[in-house]
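**Student:** The structure's right below; bear with me while I get my questions together.
Number of protein chains: 2
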Amino acid sequence: MATPARRPLADDIAAVLKAEMRDGVHPPGGRLPSEADLCRRFGVSRATVRSAIKELDVLGLVRTQHGVGTFVRRRPAVRDGLERMGSISESIRASGKVPGHEYARRTLRPVLPDEAERMGVPADTEALELRRRITADGEVVAYSYDLIPRGLLPSDYTLDEPNGSVFDYFERRMGVRATLGVARVHAVDSAHIAWGPDAGKHRLFILLDQLHYDTAHRLLAYSRTYFVEGAYEFSLVRTGD
Amino acid sequence: MATPARRPLADDIAAVLKAEMRDGVHPPGGRLPSEADLCRRFGVSRATVRSAIKELDVLGLVRTQHGVGTFVRRRPAVRDGLERMGSISESIRASGKVPGHEYARRTLRPVLPDEAERMGVPADTEALELRRRITADGEVVAYSYDLIPRGLLPSDYTLDEPNGSVFDYFERRMGVRATLGVARVHAVDSAHIAWGPDAGKHRLFILLDQLHYDTAHRLLAYSRTYFVEGAYEFSLVRTGD
DNA sequence: CAGTGGTCTAGACCACGAA
DNA sequence: TCGTGGTCTAGACCACTGT
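Protein sequence lines correspond, in order, to chains A and B.
Residue 11 in the UniProt record's numbering sits at position 11 of the first sequence, and the numbers go up by one each step.
Residue 102 in the UniProt record's numbering sits at position 102 of the second sequence, and the numbers go up by one each step.
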């Protein structure tokens with residue numbers, strides 16, 4: 001009875017439903033087929049269908065209403081749990097969109113005094129500065145300014161890397177994994193952050209001013225990421241006793 | 001076979017495990033009993049135990065490792081950030097300033113349709129709306145708009161309460177404690193949020209759009225708190241694997 | 001190999017909302 | 001009343017990890 005479980009069946013089903021929502025098969029505000037219908041269509045048990053729907057719910061793509069049905073939400077935004085460390089690309093992919101990275105600058109330069117203080121490194125430390133735009137389905141969702149201490153870079157580093165996700169680059173090229181981030185959150189209203197075709201459109205941002213560490217508490221990067229307000233939805237679970 | 005399903009069994013089990021982690025029965029870094037053990041102990045099926053564990057995983061309290069076990073996460077030493085639930089008054093006091101509350105409005109009204117959807121309550125639910133400013137040493141740090149379902153209020157409620165911290169009010173007058181918050185974070189640029197003498201000065205805010213729950217997952221309040229950018233420092237520790 | 005978590009099934013009962 | 005989603009069970013096979 002049980003099927004091979006390499007890739008969760010529920011994820012496949014969720015992906016199909018995501019695609020259908022994006023393509024207008026299930027328009028915003030519309031009702032998804034009932035769970036029983038989906039069981040028959042995909043030939044799986046109800047538990048599996050429910051797992052898929054729960055995934056869409058957690059991602060904020062649908063809303064379930066007891067005794068009524070499951071409905072497509074009107075506001076399909078990219079969402080991320082702020083308290084969870086993870087690559088921006090990942091969270092874009094998780095919401096059913098295709099992430100993109102456009103690099104505008106890769107420069108080696110000494111860090112500025114206030115950067116050195118925030119990073120806790122000597123004032124003349126050299127670092128790689130990255131300036132890039134992050135997109136979801138071609139739409140700009142964030143502008144990011146990153147600093148990576150030169151000492152961490154591969155010895156054969158050349159200025160044409162990285163090209164995509166910086167998180168992926170850390171893992172693939174440098175063999176380190178960012179597992180801890182210490183961030184400050186700000187609201188920013190400025191015409192001097194955005195660049196490119198949308199420069200005039202984007203003025204309001206959520207700034208994540210963040211230090212990244214690996215498991216050994218070694219500083220990997222200092223990043224200032226300006227998320228375009230409205231394009232990226234931040235959620236946050238706060239706990240007490 | 002099936003049990004009455006008023007309050008999810010999995011939540012109860014998760015609560016027990018949480019309490020045991022807090023009390024040191026399962027110390028940080030330690031291993032939780034296996035799923036099979038927990039099934040026997042609580043007398044439930046494995047699906048239910050797994051649901052409870054998934055809840056702890058989403059909250060970042062445990063980490064599962066295939067073929068090995070489920071482990072209690074080591075909590076970061078810094079716990080003074082956005083991810084921690086607490087009253088605004090408390091954090092103001094913690095920074096050595098004196099918190100103040102100025103109430104501008106207390107009204108009973110039906111919730112609006114989009115509020116009802118966010119809160120997950122019927123469309124015509126009555127709620128107490130609070131509108132207030134929160135100050136630190138007399139300086140305004142936040143404007144807050146809160147909704148409390150009428151059903152939660154004391155039977156002898158009159159419209160001259162609360163007067164200070166809403167968190168304190170919950171505990172003292174209603175005997176409930178907000179221990180879980182689900183928030184969305186936004187940047188807001190608007191001249192229509194602030195009121196009073198500083199209305200013209202404050203345009204840029206960090207909005208915490210937040211649902212508050214007690215330990216039984218009962219909705220206590222829906223609050224939209226606009227923090228004056230620069231007046232309140234938000235930090236945040238983000239963790240991964 | 002044994003024990004762990006990861007996934008899936010088939011069927012059941014309950015609670016809710018609308019007709 | 002009927003169809004919906006919400007919860008739970010008992011059992012199964014798979015994949016991973018350490019011995």
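Glycine residues also receive a C-beta, built at the ideal position from the N, C-alpha and C atoms.
Could you pull the start and end residues of the alpha helix (DSSP H) that Val49/A belongs to?
**Tutor:** Taken as a continuous stretch (DSSP letters only), the alpha helix (DSSP H) holding Val49/A covers Arg46 to Val58.
**Student:** Pick out the complete alpha helix (DSSP H) segments inside the segment 142-171 of chain A, 4 residues or longer, and give them in chain order.
**Tutor:** Qualifying alpha helix (DSSP H) stretches, in chain order: 166-169.
**Student:** For Ala116/A, does the three-state DSSP call read helix, strand or coil?
**Tutor:** Note: Ala116/A maps to helix in three-state DSSP.
**Student:** Closer than 9 Å, Cβ to any Cβ of chain B: which residues of the UniProt domain "HTH gntR-type" (7-75) of chain A, in chain order?
**Tutor:** Within the UniProt domain "HTH gntR-type" (7-75) of chain A, the residues whose Cβ lies closer than 9 Å to some Cβ of chain B are Ala47, Val58 and Arg63, listed in chain order.
**Student:** How would you label Val78/B, buried or exposed, when you count the other beta carbons within 10 angstroms and need 16 or more for buried?
**Tutor:** Note on Val78/B: pLDDT 35, under 50, position unreliable in the model; no value is reported.
**Student:** Would you list the one or two residues that DSSP bridges to Thr107/B?
**Tutor:** Glu129/B.
**Student:** For Leu61/B, which three-state DSSP category applies?
**Tutor:** Looking at Leu61/B - three-state DSSP - the assignment turns out to be coil, as it is neither helix nor strand.
**Student:** Could you spell out where the beta strand (DSSP E) holding Ala183/A opens and where it closes?
**Tutor:** Residues Leu180 to Asp189.
**Student:** For Gly196/A, I'd like the list of residues in its chain whose CB is within less than 7 Å of its CB, leaving aside the five on either flank, ordered along the chain.
**Tutor:** Answer for Gly196/A: Arg133, listed in chain order.
**Student:** Do Ala127/A and Leu153/A have their C-beta atoms closer together than 7 Å?
**Tutor:** No; because the gap between Cβ atoms is not below 7 Å, this pair is not in contact.
**Student:** Go ahead and pull the three-state DSSP assignment for Val98/B.
**Tutor:** Residue state, collapsed to three classes: coil.
**Student:** Determine the closest residue to Val49/B out of Val58/B, Gly60/B and Ala36/B, with distance taken between C-alpha atoms.
**Tutor:** Selected option, being the one with the closest Cα: Ala36/B.
**Student:** Excluding the 5 residues preceding and the 5 following Leu219/B in the sequence, name in chain order all residues of the same chain whose CB lies nearer than 8 Å to its CB.
**Tutor:** Excluding positions up to five away in sequence, the list reads Met119, Gly120, Val121, Pro149, Leu211, His212 and Tyr213.
**Student:** Tell me whether the segment 163-172 of chain A and the segment 188-208 of chain A touch, counting them as touching only if at least three CB pairs, one residue from each stretch, are closer than 8 Å.
**Tutor:** Output reads no: the segment 188-208 of chain A does not touch the segment 163-172 of chain A.
**Student:** So, Thr135/A versus Gly100/A, is the Cβ gap smaller than 7 Å?
**Tutor:** Contact: yes.
**Student:** Give every residue of the same chain whose Cβ lies closer than 6 Å to the Cβ of Thr225/B, excluding the five residues on either side of it in the sequence, and list them in chain order.
**Tutor:** For Thr225/B, where only same-chain residues beyond five positions count, the Cβ hits under 6 Å are Ala142, Ser144 and Leu208.
**Student:** May I ask you to list the residues that DSSP assigns as paired with Ala221/A?
**Tutor:** BP columns for Ala221/A point to His212/A.
**Student:** Work out the CA separation of Gln65/A and residue 263/B for me, nearest whole Å.
**Tutor:** Past the boundaries of the shown model lies residue 263/B; chain B is included only from 1 to 241, so the question cannot be answered.
**Student:** Could you work out which residue in Ala104/A, Val68/A, Ala94/A and Ala123/A is closest to Leu17/A when comparing CA atoms only?
**Tutor:** Comparing Cα-Cα distances from Leu17/A to each of Ala104/A, Val68/A, Ala94/A and Ala123/A, the minimum goes to Ala94/A.
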